[in-house]
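Protein chains: 2
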Amino acid sequence: MNMIDTQTGKESSATRAAYLSVRDMILTGELPAGQKIKIEQLRGKLDMGASPVREALSLLTSDMLVERIDQRGFRAAAASPENFAEILKLRCALEDMALRQSIALATPDWEERLVLAHHHMTRAAGTAQFEEAHKVFHKTLLSNAASPMMERYCDQLYDLNIRYRNLAASEPNYQTRDIPAEHKDIFDAAIARDADAASAALLSHYRLTGKYLALQLTGL
Amino acid sequence: MNMIDTQTGKESSATRAAYLSVRDMILTGELPAGQKIKIEQLRGKLDMGASPVREALSLLTSDMLVERIDQRGFRAAAASPENFAEILKLRCALEDMALRQSIALATPDWEERLVLAHHHMTRAAGTAQFEEAHKVFHKTLLSNAASPMMERYCDQLYDLNIRYRNLAASEPNYQTRDIPAEHKDIFDAAIARDADAASAALLSHYRLTGKYLALQLTGL
DNA sequence: CCCTCCAAAAATATCGATATTTATTGACAC
DNA sequence: GTGTCAATAAATATCGATATTTTTGGAGGG
Numbered sequence: 001m002n003m004i005d006t007q008t009g010k011e012s013s014a015t016r017a018a019y020l021s022v023r024d025m026i027l028t029g030e031l032p033a034g035q036k037i038k039i040e041q042l043r044g045k046l047d048m049g050a051s052p053v054r055e056a057l058s059l060l061t062s063d064m065l066v067e068r069i070d071q072r073g074f075r076a077a078a079a080s081p082e083n084f085a086e087i088l089k090l091r092c093a094l095e096d097m098a099l100r101q102s103i104a105l106a107t108p109d110w111e112e113r114l115v116l117a118h119h120h121m122t123r124a125a126g127t128a129q130f131e132e133a134h135k136v137f138h139k140t141l142l143s144n145a146a147s148p149m150m151e152r153y154c155d156q157l158y159d160l161n162i163r164y165r166n167l168a169a170s171e172p173n174y175q176t177r178d179i180p181a182e183h184k185d186i187f188d189a190a191i192a193r194d195a196d197a198a199s200a201a202l203l204s205h206y207r208l209t210g211k212y213l214a215l216q217l218t219g220l
Numbered sequence: 221m222n223m224i225d226t227q228t229g230k231e232s233s234a235t236r237a238a239y240l241s242v243r244d245m246i247l248t249g250e251l252p253a254g255q256k257i258k259i260e261q262l263r264g265k266l267d268m269g270a271s272p273v274r275e276a277l278s279l280l281t282s283d284m285l286v287e288r289i290d291q292r293g294f295r296a297a298a299a300s301p302e303n304f305a306e307i308l309k310l311r312c313a314l315e316d317m318a319l320r321q322s323i324a325l326a327t328p329d330w331e332e333r334l335v336l337a338h339h340h341m342t343r344a345a346g347t348a349q350f351e352e353a354h355k356v357f358h359k360t361l362l363s364n365a366a367s368p369m370m371e372r373y374c375d376q377l378y379d380l381n382i383r384y385r386n387l388a389a390s391e392p393n394y395q396t397r398d399i400p401a402e403h404k405d406i407f408d409a410a411i412a413r414d415a416d417a418a419s420a421a422l423l424s425h426y427r428l429t430g431k432y433l434a435l436q437l438t439g440l
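These protein sequence lines are chains V and S, in that order.
The first sequence begins at 1 in my numbering and counts up by one.
The second sequence begins at 221 in my numbering and counts up by one.
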């Protein structure tokens, strides 16, 4: 007599649904940076009560995607070139640490997960699943650091970076770059357990993308 | 016809009150690490409805003081020696960066704020206000880094560290250490704009405390 | 004696209705 | 014009009541 979730494997909670929806709206720019988020409006769009919407927004605060001002509601986090630069800097510092730790603690299991993640990403090139596979690859690189908080920070920063990629709007005319080759370099060095090379390749990968994005963000 | 806040300058929102209360309960250990947090129970103790309590708990998720499990409520974040070690490591890495940036961007204004913060802390020695002044001193050190996200992370980590200090229970018999001298070293180096010396003094300060706390945490 | 399964109890999640607060607008002085 | 202020409108915050889920505590089999 309950809601048999219409063929979706599992429905879980309204709060979770709201969390994922709003998160997506902010990451894609459907909710523009800095814009006020009206509960009533979202409540309508998501077809649920105000409570789960509020709770989802409160949770999104953790991810620095939503700002909450007491008694004055929520707004999508502001975006600026400075903010983007800060994200890039923090990412580089934290992922450098995390990757080095991952490699230092390398195990066959991690190695195998990394091989698979890289393979899936390669296979997904050009398809809709690429974005997700790409994310998994980068997460897997850091997943052996035995440092949950650092991984959480890195996750957050990854998503914030994605947001800026979407905000940059214009098609990613990644000029002369060979992204798969960049990934391969990172991957090979990690598998070879060469921390210096892996870190250098990873940071270079981020900084190239960052430099490119920064150019398109000046008018933000 | 509204609640005239009983002589407290400003009451603000129930959610904020709940946030501060629960935060304090977790930092002090009144809500033990890992323990389930029952809404109904808190609702009673804080004398408010369930909504602000839920919202406060959702917000505390950002600070890594509360864990939320979908459909299964909230619990106080777990604590462990490993987690403490991770906090220490992250603090050192991030504060090192932040302090260096603060010094690199040094201005007379920052210098003055730092002088005052140090003075207040010194004056508050032994009093109830010391904790707060100490926190302000450390925050001020990093406050000139022009890096809001990094400052936010450092704040979080500071609080998490305080929590472990409280969890370690036994009186801080800081053996042979001269804490005021340690602070003076950090302060002097920062004012002298000697980033290497300041960072070294700061990290040494943290690591000494960390080493001491780690000893008391083994049974956690 | 140990599982499995099913009610009862407890807790969480969510809704809809209010109370409070903030934002807006336009009249009225200056 | 320009600024202030009150009345109105809009939005947020909060409550109390339900609906859903998860947990608990046995009651029967195996």
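Glycine included, each C-beta is placed from N, C-alpha and C at the ideal position.
DSSP three-state assignment for residue i, whether helix, strand or coil
{"i": "I37 of chain V", "result": "strand"}
{"i": "E402 of chain S", "result": "helix"}
{"i": "G29 of chain V", "result": "coil"}
{"i": "G49 of chain V", "result": "coil"}
{"i": "R383 of chain S", "result": "helix"}
{"i": "T209 of chain V", "result": "helix"}
{"i": "S241 of chain S", "result": "helix"}
{"i": "A201 of chain V", "result": "helix"}
{"i": "R274 of chain S", "result": "helix"}
{"i": "D155 of chain V", "result": "helix"}
{"i": "D414 of chain S", "result": "coil"}
{"i": "R397 of chain S", "result": "coil"}
{"i": "A169 of chain V", "result": "coil"}
{"i": "G219 of chain V", "result": "coil"}
{"i": "Q235 of chain S", "result": "According to the sequence provided, residue 235 of chain S is Thr. The question's Gln does not apply to it. If DSSP states are grouped into helix, strand and coil, T235 of chain S belongs with the helices."}
According to DSSP, residues forming a beta bridge with residue i
{"i": "E287 of chain S", "result": "S:R295"}
Nearest neighbour of residue i, chosen from the options [CA to CA]
{"i": "R427 of chain S", "options": "S:E306, S:D408, S:T347 and S:Q376", "result": "S:E306"}
{"i": "A253 of chain S", "options": "S:H340, S:A234, S:S390 and S:R295", "result": "S:R295"}
{"i": "A270 of chain S", "options": "S:M317, S:E260 and S:S278", "result": "S:E260"}
{"i": "I202 of chain S", "options": "S:A417, S:G346 and S:T281", "result": "Summary: the structure shown does not reach residue 202 of chain S, with chain S confined to residues 221 through 440, and so no result is reported for it."}
{"i": "D375 of chain S", "options": "S:D283, S:E332 and S:V242", "result": "S:D283"}
{"i": "D414 of chain S", "options": "S:L319, S:Y378 and S:D398", "result": "S:L319"}
{"i": "L105 of chain V", "options": "V:T176, V:E30 and V:A190", "result": "V:A190"}
{"i": "E371 of chain S", "options": "S:V356, S:R383, S:R385 and S:A412", "result": "S:V356"}
{"i": "S424 of chain S", "options": "S:L251, S:F304, S:A276 and S:R311", "result": "S:R311"}
{"i": "L334 of chain S", "options": "S:G346, S:A353, S:L266 and S:Q349", "result": "S:A353"}
{"i": "A77 of chain V", "options": "V:G219, V:G29, V:L213 and V:P108", "result": "V:G29"}
{"i": "A56 of chain V", "options": "V:K38, V:A18 and V:L88", "result": "V:A18"}
{"i": "T235 of chain S", "options": "S:L247, S:R274 and S:T396", "result": "S:R274"}
{"i": "M121 of chain V", "options": "V:H183, V:L42 and V:A200", "result": "V:H183"}
{"i": "I406 of chain S", "options": "S:R397, S:A421 and S:P301", "result": "S:A421"}
> What are the residues of the region 124-153 of chain V that lie near chain S, defined by any Cβ-Cβ distance shorter than 9 Å?
Replying inline: Listed by position, the residues of the region 124-153 of chain V near chain S (Cβ gap below 9 Å) are A146, S147, P148, M149, M150, R152 and Y153.
> Of all the alpha helix (DSSP H) runs that stay within the bounds of the region 293-371 of chain S, which reach a length of 4 or more residues?
Replying inline: Correct list: 301-324, 328-343 and 350-362.
>> So if I threshold CB-CB distances at 9 Å, which residues from the region 280-314 of chain S count as touching chain V?
In response: Across the region 280-314 of chain S, CB contacts with chain V closer than 9 Å involve T281, S282, D283, M284, R288, D290, Q291, E302, N303, E306, I307, K309, L310, A313 and L314, in sequence order along the chain.
> Which residues, in order along the region 227-257 of chain S, keep a beta-carbon less than 9 Å from a beta-carbon of chain V?
Replying inline: Cβ contacts with chain V come from S232, S233, T235 and R236.
> Got a sec: which bits of the region 37-58 of chain V sit with their beta carbon under 7 Å from any beta carbon on chain S, in order along the chain?
Replying inline: The residues in question are S51, R54, E55 and S58.
> Residues in the region 95-118 of chain V with C-beta within 8 Å of chain S's C-beta atoms, listed in sequence order?
Replying inline: Answer in chain order: M97.
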